[in-house]
Structures are given as C-alpha cells and as structure tokens.
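Since the structure comes first, as structure tokens, the remarks are kept for the end.
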Amino acid sequence: MTESNEGIRLQKVLSQAGIASRRVAERMITDGRVEVDGRIVTELGTRVDPETSVIRVDGTRVRLDDDHVYLALNKPLGMVSTMSDEQGRPCIGDLIEHRVRGNKNLFHVGRLDADTEGLILLTNDGELANRLMHPSYEVPKTYVATVVGKVPRGLGKQLREGVELEDGPVKLDDFALVDTLPGRAMVRITLHEGRKRIVRRLMDSVGLPVEALVRTDIGAVSLGDQRPGSIRALTRKEIGELSKAVGL
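Residues in the sequence shown are numbered from 998 upward in steps of one, following the working numbering.
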C-alpha cells in the first residue's frame, strides 16, 4: 500500500480519494488548503500514512477508508426504522437486504416513525454515526410538515424562542411557511432535537396537528429529488461536511 517506509505522497492520496487530479491536488497543497494531523502542509514531498493520518481540505476531512459505506435512504411511509421487525412489518432492513450487496453491517443513524417519511442515513462508520446521534453536537435536521389549521402571525418567533413540552422545552433553529392550502398549511421546520415525535408534539402544542411529515435534510445532506425507497451513496463532500459538523 505504501510507496516507502515513510508513507505515500500527499498529492497521490488526495487523487486516490477522488478529491482532485494529481496536478490539482499539488496546487491545493502549495496554496495552503491541505491540513495533515492539524498542521497546514505546503511541501509537495510530504508523505502520509492514509490509515492513520487525518487529512482535511479547506477544513473538511477527507475520508480514506474504502471499507466504510455512507448512504442516504428516502424511507417510505408505513415502513419502520429498524433493520428487522419481529412483527413482520416492512422495515428499512428489507430495502438494505435487496439493494445493498453484502449490506456491510450497516445500521441506521437515528429513526423516523412509521407515519413519517424521508431522509435516513445508513453507515458502518460507528464513530461518525454515534456523534451524529449525540445531542451535544447539535446536528440540524429539517422537516416539511403539512399541518391542519392556519399558521398565526408570529408563530415562527414563538417557536424559535421556545415552547414548553411535558418532557422539557424545545426551540426551533428555523421556521418558515412554505405554502397555504384550504384548511391546511405547509411549513418547514429545522431543529437539532432528537426526542421521540418531537415535531408532531411541538406542532400539537401550538394547535396545528401534523397531517404529513417528511424529513428533508440532516446536516449537509439533503433528500433532493430522491424517490421513496431509493438509496444513494453520499458524496465525498457530504461525508466530509458531516464529519466536520461533529468534530471528526
């Protein structure tokens, strides 16, 4: 794997990781955009060990482990967020079994209720997954909710300031009215909470029960135009941004 006992040239590692061509990687290095183990490196002769070195480009970590898998799933409505289900209900493990070869011991990052659809991350990178789920890192999640009723003026300010629920207060990072429908409204909600059914309980508390709910974003990863049930690999940029968000 190594070119010598001292490791592999940094520009070659960046090229093999798909960051840029060898020539562009060399320019990144000389421009001071590449960091190795916390130190900016500008020397083209620098050699690194890709198995142990922490390499960042423009502050975003470069993931070098080919054995790690990072996927985005659009969980369909009615499917439970487990890898298997004793009651025989459809679960995300069924999708993984049929669509991800070998399944590589994947597990899901967080959950969505059966009556909520949208973005779930799947990985075998335990360190990243644990940090993404830990509340101390405050990774934001965005939802689009269809609620019953009319959204009153000033609700966004109220929700950003905080609402008291039975298990403690909750504050939104952002709230926006997306569309109005007869007797209903579509709103976009961003928060870094992970409590069970937090969006539904929050909107119930302000008199706007949720009729339909979709999670569209987790940190830097967006659902985009992914169809329900579809799975895609995260880009290197998305993986790097998630890692950066949780201090990896």
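Heads up, the beta-carbon is just placed ideally off N, CA and C, and yes, glycines get one too.
Q) Residue range of the alpha helix (DSSP H) that I1052 falls in? A) Indexing the sequence shown from 1 puts residue 1052 at position 55. Not the alpha helix (DSSP H): I1052 falls in the beta strand (DSSP E), residues 1052-1054.
Q. Opposite N1127 in the DSSP bridges: which residues?
A. For the purposes of this step, residue 1127 is taken as residue 130 along the sequence shown, with counting starting at 1. In the DSSP output, where bridge partners are listed per residue, N1127 has none listed.
Q.
For the pair the stretch 1174-1188 and the stretch 1138-1145, tell me if three or more CB-CB distances fall below 8 Å.
A. yes
**Q.** Extent of the continuous alpha helix (DSSP H) run through T1027
**A.** Counting from 1 along the sequence shown, the entry for residue 1027 is found at position 30. 1019-1027 is the extent of the alpha helix (DSSP H) around T1027.
**Q.** Close beta carbons around G1107, own chain, < 6 Å, minus the five adjacent residues each side
**A.** To locate residue 1107, count along the sequence shown from 1; it is residue 110. Closer than 6 Å at Cβ, skipping near neighbours: M1130.
Q: Can you grab the Cα-Cα spacing for the pair V1160 / R1086, in whole Å?
A: As a position in the sequence shown, residue 1160 is number 163, starting the count at 1. As a position in the sequence shown, residue 1086 is number 89, starting the count at 1. So the alpha carbons of these two residues sit roughly 34 Å apart.
Q: Could you please give the first and the last residue of the uninterrupted beta strand (DSSP E) stretch that includes I1016?
A: The residue given as residue 1016 occupies position 19 in the sequence shown. That residue, I1016, is in no beta strand (DSSP E); it is neither H nor E in DSSP.
Q: Using three-state DSSP, classify E1208 as helix, strand or coil.
A: Numbered from its first residue, the sequence shown carries residue 1208 at position 211. Strand at E1208.
Q: Please classify E1238: does DSSP put it in a helix, a strand, or coil?
A: One-based indexing of the sequence shown puts residue 1238 at position 241. It is helical.
Q: Figure out for me which residue from D1028, D1176, I1215 has the closest Cα to the Cα of L1116.
A: Residue mapping note: residue 1116 aligns to position 119 of the sequence shown, counting from 1. Closest by alpha carbon: I1215.
Q) Among A1242, V1051, R1198, which one has its Cα closest to the Cα of L1127? A) Residue 1127 sits at position 130 when you count from the first residue of the sequence shown. It is worth fixing the name first, because residue 1127 is Asn in this sequence and not Leu. Checking every option, the nearest Cα to that of N1127 belongs to A1242.
Q) From G1244, L1119, G1153, V1010, pick the residue whose C-alpha is nearest to that of G1042; which is it? A) Taking the sequence shown and counting its residues from 1, the one referred to as residue 1042 is at position 45. When each option's Cα is compared against that of G1042, the closest is V1010.
Q) The alpha helix (DSSP H) spanning K1154 covers which residue range? A) For the purposes of this step, residue 1154 is taken as residue 157 along the sequence shown, with counting starting at 1. Start and end: 1152-1158.
Q: Check whether the stretch 1223-1243 touches the stretch 1065-1072, taking contact to mean three or more Cβ pairs, one atom from each stretch, closer than 8 Å.
A: yes
Q) With distances taken between CB atoms, is the gap from T1139 to T1187 smaller than 7 Å? A) What you label residue 1139 is simply residue 142 of the sequence shown in a count that begins at 1. What you label residue 1187 is simply residue 190 of the sequence shown in a count that begins at 1. Contact flag set, yes.
(Q) Cutting at 7 Å between CB atoms, please list the residues of its own chain near N1198, excluding the five before and the five after it. (A) Here residue 1198 refers to the residue found at position 201 of the sequence shown. One detail in the question is off: residue 1198 reads as Arg in this sequence, not Asn. Same-chain partners within the cutoff: L1162.
Q: Along the beta strand (DSSP E) that carries M1183, what are the first and last residues, could you check?
A: Residue mapping note: residue 1183 aligns to position 186 of the sequence shown, counting from 1. Taken as a continuous stretch (DSSP letters only), the beta strand (DSSP E) holding M1183 covers 1181-1188.
**Q.** Proximity of R1058 and G1237 at Cβ, strictly below 7 Å
**A.** As a position in the sequence shown, residue 1058 is number 61, starting the count at 1. As a position in the sequence shown, residue 1237 is number 240, starting the count at 1. For R1058 and G1237, yes; Cβs fall inside 7 Å.
Q. Which residues in the same chain have their Cβ closer than 8 Å to the Cβ of L1220, if we skip the five residues on either side of it in sequence?
A. As a working note, residue 1220 is residue 223 in the sequence shown. Excluding sequence neighbours, L1220 sits near A1069, N1071, G1115, L1116, V1211, R1212, T1213, D1214.
Q.
Considering just the uninterrupted stretch of the alpha helix (DSSP H) at D1201, what are its terminal residues?
A. The residue given as residue 1201 occupies position 204 in the sequence shown. Where D1201 is concerned, the enclosing alpha helix (DSSP H) stretches over 1195-1202.
Q) Can you name, in chain order, every residue of its own chain whose Cβ lies under 8 Å from the Cβ of E1003, other than the five neighbours on each side? A) The residue you call residue 1003 lines up with position 6 of the sequence shown. For E1003, where only same-chain residues beyond five positions count, the Cβ hits under 8 Å are R1044.
Q | CB-CB length for V1077 against I1016, believed under 8 Å | A | Sequence index remark: in the sequence shown, residue 1077 carries index 80 (1-based). Sequence index remark: in the sequence shown, residue 1016 carries index 19 (1-based). Between I1016 and V1077 the Cβ distance is about 38 Å, and since that is not below 8 Å, they are no contact.
Q. Measuring CB to CB, does V1196 end up less than 7 Å from R1185?
A. By one-based count along the sequence shown, residue 1196 stands at place 199. By one-based count along the sequence shown, residue 1185 stands at place 188. Result no, Cβ atoms of V1196 and R1185 do not sit closer than 7 Å.
Q) When DSSP labels each residue in this structure, what does V1148 get in the three-state scheme? A) As a first step, residue 1148 must be located in the sequence shown, where it is residue number 151. In the structure shown, V1148 sits in coil (DSSP, three-state: anything other than H, G, I, E or B).
Q) If you draw a straight line from the alpha carbon of P1206 to that of V1148, how long is it in whole angstroms? A) As a working note, residue 1206 is residue 209 in the sequence shown. As a working note, residue 1148 is residue 151 in the sequence shown. Each residue's alpha carbon lies about 11 Å from the other.
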